[in-house]
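Down below is the structure, laid out as structure tokens.
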Amino acid sequence: MVTMSHCYYNETIGFFYNNSGKELSSHWRPKDVVVVALGLTVSVLVLLTNLLIIAAIASNRRFHQPIYYLLGNLAAADLFAGVAYLFLMFHTGPRTARLSLKGWFLRQGLLDTSLTASVATLLAIAVERHRSVMAVQLHSRLPRGRVVMLIVVVWVAALGLGLLPAHSWHCLCALDRCSRMAPLLSRTYLTVWALSSLLVFLLMVAVYTRIFFYVRRRVQRMAEHVSCHPRYRETTLSLVKTVVIILGAFVVCWTPGQVVLLLDGLGCKSCNVLAVEKYFLLLAEANSLVNAVVYSCRDAEMRRTFRRLLCCVCFRRSTHRSAHYTSSTKKGASTHIMLPENGHPLMDSTL
Numbered sequence: 001m002v003t004m005s006h007c008y009y010n011e012t013i014g015f016f017y018n019n020s021g022k023e024l025s026s027h028w029r030p031k032d033v034v035v036v037a038l039g040l041t042v043s044v045l046v047l048l049t050n051l052l053i054i055a056a057i058a059s060n061r062r063f064h065q066p067i068y069y070l071l072g073n074l075a076a077a078d079l080f081a082g083v084a085y086l087f088l089m090f091h092t093g094p095r096t097a098r099l100s101l102k103g104w105f106l107r108q109g110l111l112d113t114s115l116t117a118s119v120a121t122l123l124a125i126a127v128e129r130h131r132s133v134m135a136v137q138l139h140s141r142l143p144r145g146r147v148v149m150l151i152v153v154v155w156v157a158a159l160g161l162g163l164l165p166a167h168s169w170h171c172l173c174a175l176d177r178c179s180r181m182a183p184l185l186s187r188t189y190l191t192v193w194a195l196s197s198l199l200v201f202l203l204m205v206a207v208y209t210r211i212f213f214y215v216r217r218r219v220q221r222m223a224e225h226v227s228c229h230p231r232y233r234e235t236t237l238s239l240v241k242t243v244v245i246i247l248g249a250f251v252v253c254w255t256p257g258q259v260v261l262l263l264d265g266l267g268c269k270s271c272n273v274l275a276v277e278k279y280f281l282l283l284a285e286a287n288s289l290v291n292a293v294v295y296s297c298r299d300a301e302m303r304r305t306f307r308r309l310l311c312c313v314c315f316r317r318s319t320h321r322s323a324h325y326t327s328s329t330k331k332g333a334s335t336h337i338m339l340p341e342n343g344h345p346l347m348d349s350t351l
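Here the sequence shown is numbered in UniProt numbering, starting from 1 and rising by one per residue.
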């Protein structure tokens with residue numbers, strides 16, 4: 001059994017990087033600058049787009065349904081991923097060597113927590129869609145309290161997995177078990193984490209495959225009845241296609257990184273995992289942006305809500321500037337805006 005005298009809690013980050021054979025640069029290299037520039041750009045876009053999604057779900061009462069609560073939670077997880085990656089971009093390259101052990105574990109824990117929350121929420125969305133489609137409902141009738149409890153469980157599990165390496169599942173007391181990609185983490189942690197994520201993917205694929213065949217059979221039967229309302233069929237298919245596209249994008253963005261983690265966790269000495277880790281991590285972060293784009297492109301009501309929110313911001317700014325003009329200038333304007341008593345501008349819904 002390992003004793004405290006064999007642990008290396010007082011060593012520097014460089015000590016563990018040297019032990020794992022991972023290069024710790026002392027200056028900014030061209031590839032570091034490229035990765036950081038792309039990472040900062042993607043992170044800012046992820047933050048802005050997912051904030052817009054959360055604002056849209058909160059402001060539109062039509063989105064106050066279990067599926068949209070879960071989609072909002074996925075946006076929150078992606079928003080958290082943007083914050084985690086932004087934190088990584090400010091503490092990478094030559095700055096990595098200046099991190100304390102706690103700072104390094106914080107950087108890693110943020111990434112692990114956000115990814116776990118995304119994976120768990122995608123599985124919850126798949127289960128919710130399966131429940132509602134099989135019950136022939138447009139939206140699941142799960143009680144709000146149960147949905148909130150499900151979201152709480154997702155985040156408790158994500159936080160638990162994110163905090164676990166810093167407290168126990170590390171290699172500070174067993175240097176021979178350290179991974180190459182994450183020199184302070186145990187290879188067994190990377191293996192278990194990658195395998196559990198792949199298992200979740202298989203479960204989601206199984207759920208969505210069952211949904212696809214069920215919906216296809218039902219649409220064929222409904223097409224034979226003229227009295228059947230086409231709105232249900234179109235909306236159900238649209239929702240199913242949306243979550244399938246989200247799942248497909250997640251698999252494409254995250255599978256390369258998970259395969260590399262699994263190879264590193266299994267101790268593959270001949271696999272050059274360090275050559276591609278930064279690019280695969282950037283690809284994984286881009287999934288948080290892809291999710292937001294998928295929502296805005298496939299959900300018509302979401303697009304309308306986005307336009308209303310953005311137009312409200314634009315008109316508030318224009319109204320603030322127009323307060324400095326005279327009333328005669330206002331009469332010459334070509335756009336007519338009604339101002340209610342509370343002073344907030346209103347716009348015709350058709351614009």
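All C-beta atoms in this analysis are idealised placements derived from N, C-alpha and C, irrespective of residue type, glycine included. The model shown is predicted, which means the values in this text are computed figures rather than measured ones.
Could you spell out where the alpha helix (DSSP H) holding residue i opens and where it closes?
i    : result
D299 : Neither: D299 is in no alpha helix (DSSP H) and is coded neither H nor E.
D78  : 66-89
W104 : 101-134
V36  : 30-59
S25  : Where S25 is concerned, there is no enclosing alpha helix (DSSP H), given that its DSSP letter is neither H nor E.
E20  : In the sequence under discussion, the amino acid at residue 20 is Ser, which differs from the Glu named in the question. Start and end: 13-20.
By a C-beta neighbour count over all protein chains shown, 10 Å radius and 16 as the cutoff for buried, is residue i buried or exposed?
i    : result
V42  : buried
L351 : Low local confidence applies: a pLDDT of 29 at L351 is under 50, so the model's placement there is unreliable, with the coordinate-based value given in what follows. L351 is exposed by the Cβ-count criterion.
L70  : buried
F213 : exposed
N10  : exposed
F80  : buried
L261 : buried
M302 : buried
C171 : buried
Y325 : Note that Y325 has pLDDT 40, beneath the 50 cutoff, so the model's placement of it is unreliable and the number below is only indicative. Classification of Y325: exposed, given that the 10 Å Cβ count is below 16.
G93  : buried
D78  : buried
S20  : buried
R216 : exposed
S270 : exposed
P66  : buried
T305 : buried
L161 : buried
Taking 8 Å as the CB-CB limit, is residue i close to chain D?
i    : result
G248 : Among the chains of the structure shown, chain D does not appear; only one protein chain is present.
Any idea which residues DSSP pairs residue i with across the strands?
i    : result
H170 : L185
C311 : Paired residues: none, contrary to the question.
C178 : S186
Mind reading off the beta-carbon distance from residue i to residue j? Whole number of angstroms is fine, and I expect it under 8 Å.
i    : j    : result
V154 : A194 : Not really, about 19 Å apart at Cβ, beyond 8 Å.
H130 : R107 : Rounded, the Cβ-Cβ distance is 36 Å, inconsistent with contact.
C253 : V290 : 7 Å
N50  : A292 : 5 Å
C178 : F280 : So it is not a contact: roughly 20 Å between Cβ atoms.
L122 : L247 : 6 Å
D264 : L190 : 6 Å
Between residue i and the ligand NAP, is there a pair consisting of the residue's CB and a ligand heavy atom that are separated by less than 7 Å?
i    : result
R180 : Absence of the ligand NAP is noted for the structure shown, with no ligands found whatsoever.
| Below 8 Å, can you find three or more Cβ-Cβ pairs linking the region 25-35 to the region 182-189? | no
| Does the count of Cβ pairs from the region 95-109 and the region 13-24 closer than 8 Å reach three? | yes
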